[in-house]
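Numbering (this note's numbering), first residue to last: 9 to 262. Each residue gets a CB set at the ideal place from its N, CA and C atoms; glycine is no exception. Model, not experiment: these values are computed from the prediction.
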Ligand code: PAF
């Protein structure tokens, strides 16, 4: 696996004589990322992963500074999972001085997570478009865990006529049901016990029942979202950690 840090090296090393799969990531790899790498490996000639903690999708009060970073471990994991090229740029490479062009997916990006994290999806959509332009993948891989991110990226692809197929990989869960997330590392054992209320509530697949089960906890929202597929989505704060999760509601889409 080659590791590259510049846009020129990334786009220069991506060959387009076969199919190219891109897995955009912010690192701190877990089984959820491995599922994305495996899906990309299974259907592409070349697999590219990006490793970039994107400052543009964090608000000032969020965990940009403390977000888990371990490039050495991540690059070993990516290589073992069959990634061919790891694009791990510095912030200034993607946001040089004077940067001022943003992608705003207006309505889809402003509700649920977008309402609680203003600017988040603007940052996500912009970095994804930049990565799509740099790598020019045939397919890009995202986890169903971030259902609204998937909806926003798919909308951007349609609206801007991008030639990339968006592949969505099912949420990977620990044995106790908690959806894998890099932020789970912040949870103490006691907080993790509390966090389990989230998958258990969502497993009811019913907004009212889920709200009842989460009663007394620090819930941001529990809502049915008309993404494709429709999901029951929720966000919960446990201590300083904010967790999101969802279950797919449409039977045929599961
Ligand atoms: O899901 C993530 O890890 C990030 O939002 C993404 C898609 C890599 C963009 O920074």
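Around the Cβ of residue 121, a 10 Å sphere holds 16 or more other Cβ atoms; the residue is buried. Taking the C-beta atoms as reference points, residue 156 is found no nearer than 7 Å to residue 179.
At least one heavy atom of the ligand PAF falls within 6 Å of the beta-carbon of residue 154. Here the C-alpha atom of residue 42 lies approximately 36 Å from the C-alpha atom of residue 106.
A contact between stretches requires three or more CB pairs, one per stretch, nearer than 8 Å, and the stretch 47 to 61 meets this requirement with the stretch 23 to 37.
In the DSSP assignment, residue 127 falls outside any alpha helix (DSSP H) and carries neither an H nor an E. As a beta-bridge residue in DSSP terms, residue 58 pairs with 32 and 95.
Secondary structure of residue 251 (DSSP, three-state): strand. In the three-state reduction of the DSSP assignment, residue 150 falls in the strand class. When the five nearest sequence neighbours on each side are left out, the beta carbons in the same chain lying within less than 7 Å of the beta carbon of residue 12 are those of 18, 21, 93 and 95, in order along the chain. Residue pairing by DSSP places residue 175 opposite 149 in a beta bridge. Collapsing the DSSP output to three states places residue 231 in a strand. Here the alpha carbons of residue 73 and residue 143 stand approximately 27 Å from one another. When DSSP states are grouped into helix, strand and coil, residue 244 belongs to the strand group.
Counting along the chain, the unbroken beta strand (DSSP E) around residue 12 starts and ends at 10 to 12.
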